[in-house]
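In our numbering, the protein residues as written are 987 to 1111.
Glycine included, every Cβ here is placed at the ideal spot set by N, Cα and C.
What follows is one structure encoded as structure tokens, with my remarks underneath.
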């Protein structure tokens, strides 16, 4: 268990601090890696998302393996602090939306570029 700060780049420009709890995954420095995590906000509640197209909220005090589990996919290049976050119960990725909101409404697989609101910078703290 460790703290991570996800910087919502692109149109949002804000950052949020979460504690992430690893469930499964592998490591590699030469290819994209994915890990299943549950994200706990600083208020102690877990991030939750009901499915594709839904908003991400921090309302759950105890995590489930469905609505409170996300897959973090790390970039394979030298910028290993870039991640995309996918729902475990859907096909969409999370993205920052106007109004300081996270939504699971990015369809397809987002490219790892700085202008994409479905790509996050992850810094460990």
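Through-space distance from residue j to residue i, alpha-carbon basis
i: residue 1041; j: residue 1063; result: 30 Å
i: residue 1085; j: residue 1028; result: 20 Å
i: residue 1103; j: residue 1048; result: 28 Å
i: residue 1090; j: residue 1050; result: 17 Å
i: residue 1055; j: residue 1076; result: 11 Å
i: residue 1026; j: residue 1034; result: 10 Å
i: residue 1092; j: residue 1046; result: 23 Å
i: residue 1109; j: residue 1100; result: 15 Å
Simplified DSSP state of residue i, which is helix, strand or coil
i: residue 1097; result: coil
i: residue 996; result: For residue 996, the predicted model reports a pLDDT of 42, less than 50, meaning its position is unreliable and no value from the coordinates is stated.
i: residue 1059; result: strand
i: residue 1044; result: strand
i: residue 1109; result: strand
i: residue 1024; result: strand
i: residue 1071; result: strand
i: residue 1012; result: At residue 1012 the pLDDT is 48, less than 50, meaning the model places this residue with poor confidence; the figure from the coordinates comes in the next sentence. Coil.
i: residue 1087; result: strand
i: residue 1080; result: strand
i: residue 1034; result: strand
Under 8 Å between C-beta atoms of residue i and residue j
i: residue 1106; j: residue 1061; result: no
i: residue 1044; j: residue 1024; result: no
Inter-residue CB distance, residue i and residue j (contact presumed, cutoff 8 Å)
i: residue 1020; j: residue 1073; result: Wrong, their Cβ atoms sit about 13 Å apart, outside the cutoff.
i: residue 1070; j: residue 1096; result: 5 Å
i: residue 1088; j: residue 1082; result: 6 Å
Closer than 7 Å: residue i CB and nearest the ligand GTP heavy atom
i: residue 1074; result: As presented, the structure is devoid of all ligands, the ligand GTP included, so that no description of it is given.
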